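> Counting in the working numbering, the sequence shown runs from 656 upward without gaps. Ideal Cβ placement from N, Cα and C applies to all residues, glycine included. Remember, it's a predicted structure, so these values are computed and weren't measured experimentally.
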Amino acid sequence: MSEYPEYDYDYERIQSAFPGAHTYSVPQSVINEISQYFSLRELLPPEARPLGDDGWHLFDPALLLVASSIREAWGRPLMVNAGGTRYRGWRPPNCATGAPKSAHKEGRALDIVASWQQNRELWQLCLDYPGVREIESIDATPTWVHISVRGDHHGCRIIRP
Ligand SMILES: [Zn+2]
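(1) What residues in its chain sit with their C-beta under 8 angstroms from that of L733, if we drop five residues either side in the sequence?
(2) For ligand 1, any of its heavy atoms closer than 7 angstroms to the Cβ of H759?
(3) How about A758 and S803: do their beta carbons lie closer than 8 angstroms?
(4) Verify the contact flag: H677, CB atom, against every heavy atom of ligand 2, threshold strictly below 7 angstroms.
(5) Considering only the beta carbon of each residue, do E688 and L720 sit closer than 8 angstroms?
(6) What residue range does the beta strand (DSSP E) around S803 cover?
(7) Three-state secondary structure (DSSP) at L699?
(8) Quick one: using the 10 Å Cβ neighbour count with 16 as the cut-off for buried, is R743 buried or exposed?
(9) Would the C-beta of D766 count as close to ligand 1, meaning under 7 angstroms from any of its heavy atoms?
(10) Ligand 1 and H801: does the residue's C-beta get closer than 7 angstroms to at least one heavy atom of that ligand?
(11) Do you know whose CA, among D783, V800, P755 and A764, lies nearest R812's CA?
(12) For A717, which residues of its own chain have a beta-carbon under 7 angstroms away from its beta-carbon, when the five flanking residues on both sides are left out?
(13) Here's a check: name, in chain order, each residue in its chain whose Cβ is nearer than 7 angstroms to the Cβ of D663, leaving out the five neighbours to either side.
(14) Determine the burial state of A722: buried for a count of at least 16 other Cβ atoms within 10 Å of its Cβ, exposed for fewer.
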């Protein structure tokens, strides 16, 4: 008998690869929704790709839903990791990039990027978007839009990285 409760994903496999990682039960309907717009491959750093589809369970489903909804409202391509970036989506618990307690390490934040010179417009869309709890100041990070679903405060907080 497993020492862990029942999961609909391979909890032990995730913990053995990334000790202390937050994991979530993510309904298949949510995976279907986000997959229309973002691949798991662009949401994870290369070191997490061996998890396969279990990697979806590193993300808070609330984040996946809000990202899908923003992409739908935006109506144009959006990227997370592209080219040389690797930590704009999920980050491992011991990741040296970014803040030690970053919401990226909880699977509750994404740095999304619009096409050339549209990030400020994207930021305006994301600000106060239903479900977005935190957004980084666009003046601090003009080349991406950091959104997070962390926190139970009311409204959307503008934070500085
Ligand atoms: Zn970020």
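Taking the geometry as given:
(1) The count along the sequence shown starts at 1 and reaches residue 733 at position 78. Closer than 8 angstroms at Cβ, skipping near neighbours: Y692, F693, I725, R726, I767, V768, A769 and L777.
(2) Residue mapping note: residue 759 aligns to position 104 of the sequence shown, counting from 1. H759 Cβ: within cutoff of ligand 1.
(3) The residue you call residue 758 lines up with position 103 of the sequence shown. The residue you call residue 803 lines up with position 148 of the sequence shown. Yes; because the gap between Cβ atoms is below 8 angstroms, this pair is in contact.
(4) For the structure depicted, ligand 2 is absent and the ligand set comprises only ligand 1.
(5) Taking the first residue of the sequence shown as 1, we reach residue 688 at position 33. Taking the first residue of the sequence shown as 1, we reach residue 720 at position 65. Yes; because the gap between Cβ atoms is below 8 angstroms, this pair is in contact.
(6) In the sequence shown, residue 803 corresponds to position 148, counting from 1. Per DSSP, S803 belongs to the beta strand (DSSP E) from V800 to S803.
(7) By 1-based counting over the sequence shown, the position of residue 699 is 44. DSSP, read as helix, strand or coil, puts L699 in coil.
(8) Here residue 743 corresponds to residue number 88 of the sequence shown, with the count starting at 1. Under this definition R743 is a buried residue.
(9) Indexing the sequence shown from 1 puts residue 766 at position 111. Because some heavy atom of ligand 1 lies under 7 angstroms away, the Cβ of D766 counts as near it: yes.
(10) Against the sequence shown, residue 801 aligns to sequence position 146. Yes, the Cβ of H801 comes within 7 angstroms of a heavy atom of ligand 1.
(11) As a position in the sequence shown, residue 812 is number 157, starting the count at 1. The residue with the shortest Cα to Cα distance from R812 is D783.
(12) Locating residue 717 in the sequence shown gives position 62, where the first residue counts as 1. Cβ neighbours of A717 beyond the five flanking positions: G786 and V804.
(13) Position 8 of the sequence shown, counted from the first residue, corresponds to residue 663. Result list for D663: S680, in chain order.
(14) To locate residue 722, count along the sequence shown from 1; it is residue 67. By the neighbour-count criterion, in which a residue is buried when 16 or more other Cβ atoms sit within 10 angstroms of its Cβ, A722 is buried.
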